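Colleague:
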Amino acid sequence: MSISSLLIANRGEIAVRIIHTCRNMGIEAVAVYSEADRHAPHVALADTALLIGAAESAHSYLNSNAIIKAALDVGVDAIHPGYGFLSESEELIAACEKHGLVFVGPHREAIRLMGSKIESKRLAGEVGVASIPGYHDTAQDDRTLLAAAGDIGFPLMIKASAGGGGRGMRRIDSRDQMVDALPQARQEALAGFGNDQLLLEKLIESPRHIEVQIAADKTGAAVHLFERECSIQRNHQKIIEEAPAAFLEEPLRQRLYKDALTLAQAIEYDSLGTVEFLVDAASGAHYFLEMNTRLQVEHPVTEAITGLDLVEWQIRIAGGESLPRTQREITAHGWAIEARINAEDPASNYQPQTGTIDLYREPDASAGPGHLRTDSGVTQGAVVSSYYDPMLAKLIAWGADRESARRSLALGLESFGLQGIGTNLAFLADIVNHENFSQKPLTTNFLPENFAAGWQAPIADNTPLVAAAIAQVLELEKSSPGRHTSPWQSLGGYRLLARADVSSHSYINLITPSGQFRTVAVTGFNGEYRVHVLTEPTCEGIDSLGEEAAKKTTTAVRARYLTADQLLLELDGKSLSVEVQWRENKLALRGLNGIFTCQIVDIQTRALDGNGDGGNGEHLVKATLPGQVVEIKTA
Numbered sequence: 309m310s311i312s313s314l315l316i317a318n319r320g321e322i323a324v325r326i327i328h329t330c331r332n333m334g335i336e337a338v339a340v341y342s343e344a345d346r347h348a349p350h351v352a353l354a355d356t357a358l359l360i361g362a363a364e365s366a367h368s369y370l371n372s373n374a375i376i377k378a379a380l381d382v383g384v385d386a387i388h389p390g391y392g393f394l395s396e397s398e399e400l401i402a403a404c405e406k407h408g409l410v411f412v413g414p415h416r417e418a419i420r421l422m423g424s425k426i427e428s429k430r431l432a433g434e435v436g437v438a439s440i441p442g443y444h445d446t447a448q449d450d451r452t453l454l455a456a457a458g459d460i461g462f463p464l465m466i467k468a469s470a471g472g473g474g475r476g477m478r479r480i481d482s483r484d485q486m487v488d489a490l491p492q493a494r495q496e497a498l499a500g501f502g503n504d505q506l507l508l509e510k511l512i513e514s515p516r517h518i519e520v521q522i523a524a525d526k527t528g529a530a531v532h533l534f535e536r537e538c539s540i541q542r543n544h545q546k547i548i549e550e551a552p553a554a555f556l557e558e559p560l561r562q563r564l565y566k567d568a569l570t571l572a573q574a575i576e577y578d579s580l581g582t583v584e585f586l587v588d589a590a591s592g593a594h595y596f597l598e599m600n601t602r603l604q605v606e607h608p609v610t611e612a613i614t615g616l617d618l619v620e621w622q623i624r625i626a627g628g629e630s631l632p633r634t635q636r637e638i639t640a641h642g643w644a645i646e647a648r649i650n651a652e653d654p655a656s657n658y659q660p661q662t663g664t665i666d667l668y669r670e671p672d673a674s675a676g677p678g679h680l681r682t683d684s685g686v687t688q689g690a691v692v693s694s695y696y697d698p699m700l701a702k703l704i705a706w707g708a709d710r711e712s713a714r715r716s717l718a719l720g721l722e723s724f725g726l727q728g729i730g731t732n733l734a735f736l737a738d739i740v741n742h743e744n745f746s747q748k749p750l751t752t753n754f755l756p757e758n759f760a761a762g763w764q765a766p767i768a769d770n771t772p773l774v775a776a777a778i779a780q781v782l783e784l785e786k787s788s789p790g791r792h793t794s795p796w797q798s799l800g801g802y803r804l805l806a807r808a809d810v811s812s813h814s815y816i817n818l819i820t821p822s823g824q825f826r827t828v829a830v831t832g833f834n835g836e837y838r839v840h841v842l843t844e845p846t847c848e849g850i851d852s853l854g855e856e857a858a859k860k861t862t863t864a865v866r867a868r869y870l871t872a873d874q875l876l877l878e879l880d881g882k883s884l885s886v887e888v889q890w891r892e893n894k895l896a897l898r899g900l901n902g903i904f905t906c907q908i909v910d911i912q913t914r915a916l917d918g919n920g921d922g923g924n925g926e927h928l929v930k931a932t933l934p935g936q937v938v939e940i941k942t943a
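Numbering of the sequence shown is given in this note's numbering, commencing with residue 309 and proceeding in unit increments.
Next up, the structure:
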């Protein structure tokens with residue numbers, strides 16, 4: 309049947325992505341949203357949008373009854389599940405079948421077979437596709453699993469059979485560790501996936517994660533759309549993906565294509581899907597990992613090298629059309645790399661970040677030698693909550709070769725403007741700029757090997773802090789023109805300097821994107837300053853250094869505005885132009901190898917937060933992550 313209207317059972321950037329394809333195809337796009345997403349971009353872009361429930365996913369995007377009701381109320385032809393949420397839900401497909409709605413995805417049996425790692429590996433073995441040596445059977449008592457572990461040998465991996473997306477996995481190095489881990493692994497599997505079955509696999513010490521994009525229609529025709537490299541991961545979660553895979557020998561590449569298509573045809577697959585493999589970097593052997601029966605987050609890199617719209621292919625196949633192209637007609641050109649931009653602090657164990665996006669500016673599409681594409685689910689003013697996945701956007705770079713794509717991606721990450729919440733932008737830039745990203749095959753050990761102590765924001769270059777402090781001082785001078793001659797107006801950062809009759813002296817207190825509190829001492833006025841970034845957040849400034857130390861640790865700065873928001877700085881003789889944007893006490897500086905954001909605060913504010921001079925915070929109870937208070941007990 310021809311699909312003329314479609315409900316998108318998802319949110320964020322993938323909902324926006326699907327809406328764009330619907331518009332290109334002349335299909336009416338219907339969005340659904342939760343209370344938390346009332347003002348989200350996908351709601352504004354859709355032809356129609358319906359509220360389906362409260363902010364919690366269980367009451368909205370995971371509520372198949374609410375989604376089916378919305379589809380029937382509007383009278384759409386089809387439902388597109390996107391990825392995550394209900395994208396691989398047999399329950400949703402059954403409801404679609406019952407009510408005569410087209411599900412944009414494969415048939416229900418394919419999802420059932422591939423949804424269980426135990427079942428999928430059994431089937432793969434039957435058709436000659438190798439899996440990692442391990443235990444993939446249904447007997448699940450402790451004695452059986454421990455005996456199987458002894459046969460496999462340590463180290464090994466415990467995985468949730470119904471798991472996906474890297475969740476429900478743990479490394480086990482000994483029998484004693486496994487005895488302790490089994491109850492917790494079962495509990496996590498049951499809570500996360502509704503199924504407590506586990507499987508065991510031999511640990512591949514240096515694995516590459518390579519997947520093959522496939523497409524198949526209802527006539528049995530199937531094609532591959534080349535491979536993607538997804539080896540850069542943290543906690544088994546992909547963060548950088550690319551197509552094609554670098555340093556991959558052609559015979560192995562062809563074997564991956566063959567095995568992926570063999571498995572797809574064995575289950576009479578009839579949509580787009582991804583067959584994932586682990587490749588042993590040491591031996592070159594490859595093993596079937598799992599099949600994702602949906603669109604992948606990283607599908608844009610395949611679109612970039614093929615020029616195809618994979619969402620359009622999904623919709624056409626779901627409507628009963630044949631594959632738009634044969635295998636010979638599908639070609640690849642150039643290289644594409646994608647980075648997932650998350651609201652998280654990589655310097656603090658990737659803690660999720662929440663808040664309001666005060667500044668949102670995507671990089672220029674023509675940055676660098678290639679081309680950039682941004683798939684985003686947020687805009688300026690959007691509120692990022694703790695209810696959903698922390699991914700805000702994806703930045704995709706295409707280039708004629710891998711180095712061109714890499715350089716474009718690095719420039720794009722450095723110039724991406726996001727202010728108001730912490731993100732992993734700087735971390736992603738450090739990854740793609742690392743020499744080992746370009747010089748040898750990637751493995752899933754990339755982060756522990758190259759960032760062994762974890763990642764920390766670079767603090768050696770204080771230029772952004774100096775520029776931010778000068779911008780604040782200039783604001784103070786604008787608001788109080790006579791401030792440098794009055795001791796009562798020279799408090800600046802809230803403390804009077806002894807020589808206030810000679811020049812203004814300010815202590816600028818700011819919070820960096822990584823949450824660090826920094827104090828910058830500035831002395832001078834009328835465009836001529838000396839600046840000292842304090843190593844400790846105190847008010848001991850330039851005067852406490854002594855003359856010789858001050859010369860070595862301070863920066864001479866000349867500053868003036870060229871336009872209303874363009875600031876020209878000369879730092880120890882080096883000229884620098886930055887664009888200054890204020891939103892209340894939040895400052896964004898563009899031109900410092902990207903965008904530097906910070907929040908200007910006073911000492912009293914910091915003291916109330918339990919970190920400053922006004923108190924040590926020892927009586928404060930602070931949560932490190934967002935959550936819900938369900939009970940308070942008092943003595």
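A virtual CB, placed ideally from N, CA and C, is assigned to each residue, including glycine.
Being a predicted model, the structure only gives us computed values, none of them experimental.
1) Where do the ends of the alpha helix (DSSP H) carrying R648 lie?
2) Just the C-alpha distance for P660 and V841, rounded to the nearest angstrom, thanks.
3) Give the straight-line distance between the Cα atoms of A386 and I360, rounded to the nearest whole angstrom.
4) For D921, does the count of other Cβ atoms within 10 angstroms reach 16, so buried, or fall short, so exposed?
5) So the candidates are S397, E537 and K526; which of them puts its Cα closest to the Cα of A470?
6) Where does K859 sit, in a helix, a strand or coil, going by DSSP?
7) Name the two residues that bound the continuous alpha helix (DSSP H) containing R710.
8) Checking the sheet assignment: what are the DSSP bridge partners for D588?
9) Report the three-state DSSP secondary structure of K510 (helix, strand or coil).
10) Please list the segments of the alpha helix (DSSP H) lying wholly inside the segment 398-479, counting only runs of 4 or more residues, in order along the chain.
11) On the premise that A734 lies in contact with C906, defined as a C-beta separation below 8 angstroms, what is that separation, rounded to the nearest angstrom?
12) Tell me the DSSP secondary structure of S579 in three-state form.
13) Along the chain, which unbroken stretches of the beta strand (DSSP E) at least 3 residues long are found entirely within the segment 681-709?
14) Between the Cα of V609 and those of E519, E887, S368 and A593, spot the shortest distance and give me the residue it belongs to.
15) Who does T905 pair with in a DSSP beta bridge?
16) Let's test the definition: count the other Cβ atoms within 10 Å of the Cβ of S312 and tell me whether it reaches 16, buried, or not, exposed.
17) Whose CA, out of P552, G334 and D345, lies closest to the CA of G320?
18) Just the Cα atoms here: how many angstroms apart are L818 and F825?
19) Helix, strand or coil for V351, going by three-state DSSP, please let me know.
20) For H641, count neighbouring Cβ atoms within 10 angstroms of its own Cβ and tell me buried if that reaches 16, exposed if not.
21) DSSP beta-bridge partners for K882?
22) Are T863 and E620 close, meaning C-beta to C-beta below 7 angstroms?
23) Could you tell me which residues DSSP pairs with P660 in its beta bridges?
24) By the three-class DSSP mapping on this structure, what secondary structure does N600 have?
25) For M422, collect the residues of the same chain with a Cβ closer than 6 angstroms to its Cβ; drop the 5 residues on either side in sequence, then sort them by chain order.
26) So S746 packs on E711, CB below 8 angstroms; how close in whole Å?
27) Give the DSSP-derived three-state secondary structure of A497 in the structure shown.
Modeller: Taking the definition as stated:
1) First-last for R648: W643 to N650, but that is the beta strand (DSSP E), not the alpha helix (DSSP H).
2) 28 angstroms
3) 17 angstroms
4) Only weak support is given to the placement of D921: the predicted model assigns it a pLDDT of 42, under 50, and the value that follows is read from those uncertain coordinates. Exposed, since its Cβ has fewer than 16 Cβ neighbours within 10 Å.
5) S397
6) Caution is warranted here: a pLDDT of 46 is assigned to K859, below 50, making its placement in the model unreliable, and the coordinate value is therefore given only provisionally. K859: helix per DSSP, three-state reduction.
7) R710 to S723
8) P515
9) strand
10) 398-406, 416-423, 425-434 and 450-460
11) Between A734 and C906 the Cβ distance is about 13 angstroms, and since that is not below 8 angstroms, they are no contact.
12) coil
13) 699-707
14) E519
15) A896
16) exposed
17) D345
18) 6 angstroms
19) helix
20) exposed
21) L879
22) no
23) E652
24) strand
25) S428, M599 and T601
26) 7 angstroms
27) helix
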